[in-house]
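Just so it is clear: in the sequence shown, position 60 is 60 by my numbering, and no numbers are missing.
C-beta: ideal position from N, C-alpha, C; glycine also.
Owing to the predicted nature of the structure, the values given are computational and were not obtained by experimental measurement.
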Amino acid sequence: MQQSIKKKRNRYFNGTPTTRLIVTCEQSVIDAVDEHILINYIRAGNRAEFVRQAIIEKLQREL
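As structure tokens, this is what we get:
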């Protein structure tokens, strides 16, 4: 099987099963996330990766 090539912004899961998660929240939360990732985040502009990492960090703290 051909290995995927990672792009700068998109994450490939290399065969790991995935499921799409759609999140609805207040516009002010979206604005805060956008401001944070555009200024401070390595993957600037990638909300999905930011949210994925935030979920993982939250689970690690609480489990």
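Where the alpha helix (DSSP H) through residue i begins and ends
i: residue 50; result: 47-62
i: residue 38; result: 27-40
Contact set for residue i: own chain, Cβ-Cβ below 6 angstroms, skip 5 residues either direction
i: residue 55; result: none
- contact_flag[the stretch 16-34, the stretch 47-60] where n(CB pairs < 8 angstroms) is 3 or more: yes
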